[in-house]
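In our numbering, the protein residues as written are 61 to 339. Quick reminder that beta carbons are idealized off the backbone N, C-alpha and C, glycines included. All figures in this text were calculated on a predicted structure; none of them were measured in a lab. One structure below.
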């Protein structure tokens, strides 16, 4: 086999490695797992995010992008960031809630699959391949990352204690919110068009400094949680401003159109008056 053909296998190996990490996380959640198994499963999903983040970049660097790779990546995301986190959060926090916990866990996985299907449709119809400046809806790896960061932070901060019953409600709310954000039209930045400048460097330094402050004053495990929820909030706020700007632009266009109609009517009335004066 030619070396160039072997290059097509390389990005797919990263994708399959992501599937392996997700599958291992589900194995750890089987049966009656303890806090140590939950933490290991969460770390395994983090490794899956690492492999998922590099398969597309490797494909672009080696110029081996293909429809097969895109479909394989979507299937891997359903397993590693849909089914695995849903099972993990169910076993970690939602199982005592009975059918409600089961339904919320399923909703997370189902909304993730719906989000991926919509992304594939947009990618096939868009000349950019779905890789513009914004994601439509929260990407499923980031949604899984929020849940994983919560589990890792709790395990590290409490030295491996079991989740308290009072915390199951907030976890259920978080899982529901993440599921809804995945199928929403809220736009989240991809940061693919980010260019190094004084402004971007200042923002990066501010983000790093805030992480240092959180890690030193509270606990290092809270840094990932803070970054995850900050990204969620940033997308919601930015989408709200985008919607507001669109509404203002629509009102301006409608006002301009109404003014044009009034001017045309006034011109017609003036012409009628001139004709009557001539007669």
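Check the C-beta distance from residue i over to residue j and give it rounded, since I have them as a contact under 8 Å.
| i | j | result |
| --- | --- | --- |
| residue 105 | residue 206 | Not quite, the Cβ-Cβ distance comes to about 11 Å (not below 8 Å), so this is no contact. |
| residue 302 | residue 247 | 7 Å |
| residue 102 | residue 212 | 5 Å |
| residue 197 | residue 244 | 5 Å |
| residue 223 | residue 168 | No, residue 223 and residue 168 are not in contact; Cβ-Cβ is about 17 Å, not under 8 Å. |
| residue 274 | residue 283 | 5 Å |
| residue 160 | residue 150 | Their Cβ separation, rounded to whole angstroms, is 11 Å, which puts residue 160 and residue 150 out of contact at 8 Å. |
Does the beta-carbon distance from residue i to residue j come in below 9 Å?
| i | j | result |
| --- | --- | --- |
| residue 250 | residue 289 | no |
| residue 235 | residue 147 | no |
| residue 107 | residue 152 | no |
| residue 95 | residue 215 | yes |
| residue 134 | residue 180 | yes |
| residue 172 | residue 129 | no |
| residue 217 | residue 281 | yes |
| residue 82 | residue 170 | no |
| residue 109 | residue 140 | yes |
| residue 295 | residue 241 | yes |
| residue 261 | residue 271 | no |
| residue 174 | residue 164 | no |
Starting from residue i, follow its DSSP beta bridges and name the residues at the other end.
| i | result |
| --- | --- |
| residue 196 | 247 |
Excluding sequence positions up to five away, which residues of its chain have a Cβ less than 6 Å from the Cβ of residue i?
| i | result |
| --- | --- |
| residue 59 | Since the first and last residues shown for the chain are 61 and 339, residue 59 lies out of range. |
| residue 114 | 74 |
| residue 77 | 111 |
| residue 68 | 124 |
| residue 80 | none |
Excluding the five sequence neighbours on either side, which residues of its own chain have a C-beta within less than 7 Å of the C-beta of residue i, listed in chain order?
| i | result |
| --- | --- |
| residue 157 | 228, 232 |
| residue 119 | 71, 125, 129 |
Can you list, in chain order, the residues of its chain with a C-beta nearer than 8 Å to that of residue i? Leave out the 5 residues immediately preceding and following it.
| i | result |
| --- | --- |
| residue 257 | none |
**OP:** Run through the stretch 209-249 for me and flag every whole beta strand (DSSP E) of 3 or more residues, listed as ranges in chain order.
**Re:** 247-249
**OP:** Go through the stretch 248-303 residue by residue and report every complete run of the alpha helix (DSSP H) that reaches 4 residues or more, in order.
**Re:** For the stretch 248-303, whole alpha helix (DSSP H) runs of length 4 or above, ordered along the chain, are 258-277.
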